[in-house]
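First to last, the sequence lines map onto chains A and B. One point on numbering: in this note's numbering, the residue at position 71 of the first sequence is 71, and numbering is uninterrupted. In this note's numbering, each residue's number is its place in the second sequence (first place is 1) plus 1000. Take a look at the structure below.
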Amino acid sequence: MTLQDSMQRTNAQMCYSCGKCTAHCPVVRVGASESPREMVERAQLGRDLTNDDLVWNCLTCKLCQNYCPEDVDFIGFIREVRGLSRDNGGKPEYTHGEMMQTMARIFASGKFKQNKLEWLDRSKTSHDGEVALWIGCGPYVDTALKDHGSDQVNISNAALDVLNMLGIKPRVLDEEVCCGHDALWIGEDETFEALMDKNLEVISRSEITKLVFTCPEGYEVMKHEYPDMGIELAHISEVVADAVDDGVATFDKMEKKVTYQDPCRLGRFLGIYDQPRKVLEHIPGIELVEMEHSGKRSRCCGVSAWINCNQNSKRMQMERLEEAENAAPTLVTNCPKCLTHFNCVKNEDGFDKEIEFMDWTVLVSKTLRGV
Amino acid sequence: MSWDPQILVFACNWCSYGGADAAGVSRFQYPPDVQIVRVMCSGRVDPGFVLRAFNKGADGVLVTGCHLGDCHYQDGNYKAEKRVEMLYTLLGQLGIQSERLGLEWISAAEGQRFANVITDFVGKIRRLGPANGGEGP
Ligand code: SF4
Ligand code: SF4
Ligand code: SF4
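Encoded structure:
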């Protein structure tokens, strides 16, 4: 693989330097020295990009691609450059001492038999149902990042309650491993493929017909990067929105003015903007106010794939939370990782925002009263 | 079938590494199955180091530092203690027996204690066998 091939595949050779990507990039906004336009230009000139800051600082948030008149797949390009950089000994700044990446490698190696479901109330699940709920890395991240405010098991539990209330007793796949999303996006193709192969095996053996996610990353990677598994994939917000459409879901009242953070994977990658909003607006007492940048233009929670969390990230988070604060006292997140990153910024010195965070699934579980 | 465990020991510059030196100077014997990594403080041992050690084939990891209250940086060993507590849970979830991780306080004067701690820990890991369920003792 060469830079030339990557440019072909991602349309980067068509860039005519308009700079729209740079104008919208949140990393550039907070004062980074790098820019996507420059990077593509330098690639066209045949320069070596492997040491450019943006190689690893890019959030792969896909915001720039909204605006590119030449359809340059910039994040696809970044992903390939990451692979090339790795071949030359480059690597990201791993956050949390490389714990997350190491865990993914441990799962990929298959050396140990994982034991992540101790908290699970099996009475909420079934052994042979056709629908499964994906648990993912939440239990591990909760343990590792408790002090940072990781609350993912709570979200999985809420999803179980929501599904139960909709009359679904989902399976939980005991043998599922990390989805591989982060390994893929940091250019660790071997780790990704090993994880994918294990999951493909587990899912095909389970004979489920539908897999429901609370984490948009697992959903995205299985939908776009795994081979077609012949099953339906859905985010929990799609499942609830369907129940609302069918007129079967009823909700208790909850007096709250909220705003909504579109996760990059759920929004720009999967096009799911309306379903979570529709459900929120259907709950009596909930008033949904949009932030200055929302939907397709939504801005990132500041970190992706547990790499390069730095001052840029903190500035992005503070800016985003300012937008949220201006909109409503409660920010509803819909990605377990967005919630962790936002909770974490509360620990920063000088954090002065009066804002409450609430996961979408948790909020719904508190109000949904069944069908 | 002979099997020798691979054991990583983190020792802090100010106390437990001094303890290792003291053991050497006084010629106290301990098993040769450990590799010592000197760190400035037990608080420098990132949980990621421990996971990486197990991923790369370690059968046991021992974190050592100054006795509580004696840390050269005041509270680094309290941080180490908290991280090791967290790792006990995390290792359990990952399917790695948490006994394979140890935490001990050893002062620079405690050469005999250093030798004893290492001897005990190596004995324990030998009884547990290889971490990845490979060939046992
Ligand atoms: S994907 Fe996001 S962070 Fe990366 S260059 Fe585009 S806008 Fe910037
Ligand atoms: S928006 Fe597209 S065409 Fe314009 S500079 Fe960026 S990559 Fe090039
Ligand atoms: S923002 Fe996220 S990646 Fe950064 S330190 Fe906090 S939890 Fe870790």
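Heads up, the beta-carbon is just placed ideally off N, CA and C, and yes, glycines get one too. Treat the numbers as computed from the prediction; the structure is a model and nothing was measured.
Beta-carbon spacing of residue i, residue j below 8 angstroms
| i | j | result |
| --- | --- | --- |
| H235(A) | L211(A) | no |
| M196(A) | G83(A) | no |
| E98(A) | G1123(B) | no |
| E281(A) | A327(A) | no |
| V202(A) | E176(A) | yes |
| K116(A) | L160(A) | no |
| T102(A) | R1044(B) | no |
| R37(A) | T22(A) | yes |
| R369(A) | D252(A) | yes |
| A1108(B) | C1015(B) | yes |
| E220(A) | F269(A) | yes |
| A305(A) | W185(A) | yes |
| V372(A) | I78(A) | In the structure displayed, chain A extends from 1 to 371; residue 372(A) sits before or after that span and is not available. |
| T95(A) | C309(A) | yes |
| L1094(B) | Q114(A) | yes |
| C1041(B) | H1072(B) | yes |
| A241(A) | K278(A) | yes |
| I355(A) | E325(A) | yes |
| Q1097(B) | F1028(B) | no |
| K384(A) | C68(A) | This structure cannot settle anything about residue 384(A), because the visible part of chain A is limited to 1 through 371. |
| V28(A) | S35(A) | yes |
| E93(A) | I307(A) | yes |
| C1012(B) | V1039(B) | yes |
Per DSSP, the bridge partner or partners of residue i
| i | result |
| --- | --- |
| I203(A) | DSSP, once it has assigned bridges, lists no residue as partnering I203(A). |
| I155(A) | Note: I155(A) sits in no beta bridge, so no partner. |
| E1104(B) | T1064(B) |
| F251(A) | L368(A) |
| I1036(B) | V1009(B) |
| M358(A) | V332(A) |
| K257(A) | E287(A) |
| F213(A) | H235(A) |
| S150(A) | In the DSSP output, where bridge partners are listed per residue, S150(A) has none listed. |
| A132(A) | R171(A), L211(A) |
| S304(A) | I307(A) |
| Y273(A) | Y273(A) pairs with nothing; no bridge assigned. |
| Y94(A) | I307(A) |
Cβ neighbours of residue i in the same chain (closer than 8 angstroms, five flanking residues each side left out)
| i | result |
| --- | --- |
| I343(A) | The displayed chain sequence assigns Asn, not Ile, to residue 343(A). Once the five neighbours on either side are set aside, the close Cβ partners of N343(A) are H148, G149, S150, D151, F357. |
| L1101(B) | V1050, G1060, V1061, L1062, V1063, V1084, L1087, Y1088, L1091 |
| P1005(B) | D1033, D1059, G1060, V1122, I1125, R1126, P1130 |
| G1057(B) | Q1006, A1131, N1132 |
| D121(A) | N157, L160 |
| T209(A) | E130, V131, I231, E232 |
Close beta carbons around residue i, own chain, < 7 angstroms, minus the five adjacent residues each side
| i | result |
| --- | --- |
| D71(A) | N11 |
| K1079(B) | G1043 |
| E255(A) | G285 |
| E207(A) | none |
| K62(A) | I75, C264, R268, F269 |
| P1137(B) | Confidence is the limiting factor: at P1137(B) the pLDDT is only 38, short of 50, which leaves the residue's position unreliable and the question unanswerable from this model. |
Neighbourhood of residue i by C-beta, 6 angstroms cutoff - its chain only, sequence neighbours within 5 removed
| i | result |
| --- | --- |
| E292(A) | E323 |
| R105(A) | T191 |
| L163(A) | P170 |
| E1110(B) | G1019 |
| D359(A) | I155, T333, L339 |
| G302(A) | S313, M316, Q317, H341 |
| E217(A) | H181, R265 |
| M14(A) | E70 |
| C215(A) | G136, P336 |
| A1023(B) | G1111, F1114, A1115 |
Near ligand 5: residue i beta-carbon under 7 angstroms from a heavy atom
| i | result |
| --- | --- |
| H181(A) | Judged by which ligands are present, ligand 5 is missing from the structure shown, whose ligands are ligand 1, ligand 2 and ligand 3. |
Could you tell me whether the region 330-344 of chain A touches the region 247-267 of chain A, where touching means 3 or more Cβ pairs closer than 8 angstroms?
-> Between the region 330-344 of chain A and the region 247-267 of chain A, the count of Cβ pairs shorter than 8 angstroms is three or higher; the stretches touch.
Just checking, does the region 1109-1125 of chain B make contact with the region 1020-1035 of chain B on the three C-beta pairs under 8 angstroms criterion?
-> yes
Using a Cβ cut-off of 8 angstroms, which residues of the region 84-107 of chain A contact any Cβ in chain C, in chain order?
-> Absent from the structure: chain C. Protein chains present are A and B.
Three or more beta-carbon pairs under 8 angstroms between the region 308-316 of chain A and the region 130-144 of chain A, yes or no?
-> no
Can you find at least 3 beta carbon pairs, one from the region 187-195 of chain A and one from the region 133-144 of chain A, that sit closer than 8 angstroms?
-> no
Mind the definition here: the region 77-91 of chain A touches the region 48-59 of chain A only if three or more C-beta pairs lie below 8 angstroms; say whether that holds.
-> yes
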